[in-house]
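Enquirer: Sharing a structure below in structure tokens format, with a few things to ask.
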Amino acid sequence: MKFVTASLLAFGASVVSGATDKVDVLVCVESLCSACEGFVTDYLVPTSQVDGMNDIMNVIYVPYGNAKIDLDAKTVTCQHGDTECFANSYEQCAIDIYPEQEDFLPFVGCVAETPTQFKMSQDATFEACAEKAGLDFSVIKDCHDDADRAWDLQVKNSELTPSDHEYTPWIVIDGELYDNSSHDLKKAVCDAYQKKGGESDACKDVAVSM
Numbered sequence: 016m017k018f019v020t021a022s023l024l025a026f027g028a029s030v031v032s033g034a035t036d037k038v039d040v041l042v043c044v045e046s047l048c049s050a051c052e053g054f055v056t057d058y059l060v061p062t063s064q065v066d067g068m069n070d071i072m073n074v075i076y077v078p079y080g081n082a083k084i085d086l087d088a089k090t091v092t093c094q095h096g097d098t099e100c101f102a103n104s105y106e107q108c109a110i111d112i113y114p115e116q117e118d119f120l121p122f123v124g125c126v127a128e129t130p131t132q133f134k135m136s137q138d139a140t141f142e143a144c145a146e147k148a149g150l151d152f153s154v155i156k157d158c159h160d161d162a163d164r165a166w167d168l169q170v171k172n173s174e175l176t177p178s179d180h181e182y183t184p185w186i187v188i189d190g191e192l193y194d195n196s197s198h199d200l201k202k203a204v205c206d207a208y209q210k211k212g213g214e215s216d217a218c219k220d221v222a223v224s225m
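Okay, so the sequence shown: first residue is 16 according to my numbering, each after it adds one.
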């Protein structure tokens, strides 16, 4: 199955100069989803920390999930309530300001491992995660508190979320839906990279499927 949209291609295309194109890893999540938290902390962040993996994968992290947007009323309704919209907005702002995955993944990883009760409309949680990730919380908060900018990012993330997604986390690797039950994101990325002709030391210990 292919899940490629014009918005995704425009947002996520990334090329390693003189080498094979990176593997696009679309990660559609929502901040108060326990399965999403588990995927981020157990698979996404650890995979990104393997030497060489950031050189072959382009993470397109979309904190929106099963939210519903009304463009006319300019409202967003999140699956787990307003507190989830609050947290999603903080992540959206961090990614918009710090678009390099080496910068934003430590932040969203910290948010994911934070107990839900501390993410419920509490700025301090996101400030602590920004500090841990080495990001400037003040500019992230300015974005989060700017109603127009925060709305624009909700719209952007709604457009990046495939309309036919059925659950979260919804992971698409180079246009192919990832089987969350495989519990092996690194192998899936390495498979996709080799299929497009790439070779990487990061994948040497992986039995790649063709």
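We put the beta carbon where it would ideally sit given N, CA and C, even for glycine.
Closest by CA to Ser46, which one among Pro78, Ala88, Gln64?
Expert: Here residue 46 is taken as the residue at index 31 of the sequence shown, counted from 1. Among Pro78, Ala88, Gln64, the Cα nearest to that of Ser46 belongs to Pro78.
Enquirer: I need the DSSP call for Met72, collapsed to helix, strand or coil.
Expert: As a first step, residue 72 must be located in the sequence shown, where it is residue number 57. In this structure, Met72 counts as strand in the three-state DSSP scheme.
Enquirer: Can you tell me which of the three DSSP states Ala25 falls into?
Expert: If you number the sequence shown from 1, residue 25 lands on position 10. The pLDDT assigned to Ala25 is 38, lower than 50, so where the model puts this residue is not dependable; a value taken from the coordinates is nonetheless given after this. Note: Ala25 maps to helix in three-state DSSP.
Enquirer: Lys37: which of Met72, Val44, Thr62 sits nearest, CA to CA?
Expert: By 1-based counting over the sequence shown, the position of residue 37 is 22. Residue Met72 is the option with its Cα nearest to Lys37.
Enquirer: Under a Cβ-count criterion, where at least 16 other Cβ atoms within 10 Å of its own Cβ denotes burial, should Gln107 be classed as buried or exposed?
Expert: Taking the sequence shown and counting its residues from 1, the one referred to as residue 107 is at position 92. Buried, since its Cβ has 16 or more Cβ neighbours within 10 Å.
Enquirer: Compare the beta carbon distance of Lys134 and Ala165 with 8 Å and say whether it is the shorter of the two.
Expert: For the purposes of this step, residue 134 is taken as the residue at position 119 of the sequence shown. For the purposes of this step, residue 165 is taken as the residue at position 150 of the sequence shown. Contact flag unset, no.
Enquirer: Could you name the residues of the same chain whose beta carbon sits closer than 7 Å to that of Asp87, not counting the 5 residues immediately before and after it, in chain order?
Expert: What you label residue 87 is simply residue 72 of the sequence shown in a count that begins at 1. Taken in chain order, the list of residues that qualify is empty.
Enquirer: Expressed to the nearest angstrom, what Euclidean distance is found between the alpha-carbon atoms of Thr131 and Cys158?
Expert: If you number the sequence shown from 1, residue 131 lands on position 116. If you number the sequence shown from 1, residue 158 lands on position 143. Distance between the alpha carbons of Thr131 and Cys158: 22 Å.
Enquirer: Select from Gln64, Met68, Thr90 the residue whose C-alpha is nearest the C-alpha of Lys219.
Expert: Along the sequence shown, read from residue 1 onward, the residue named residue 219 stands at position 204. Closest by alpha carbon: Met68.
Enquirer: Identify, in the order they occur along the chain, each residue of the same chain with its Cβ nearer than 6 Å to the Cβ of Thr140, setting aside the five sequence neighbours on each side.
Expert: Counting from one through the sequence shown, the residue named residue 140 turns up at place 125. Cβ within range, chain order: Thr129, Phe133, Lys134.
Enquirer: Would a C-beta distance cut-off of 8 Å place Gly80 and Cys48 closer than the cut-off?
Expert: Here residue 80 refers to the residue found at position 65 when the sequence shown is read from its first residue. Here residue 48 refers to the residue found at position 33 when the sequence shown is read from its first residue. Yes.
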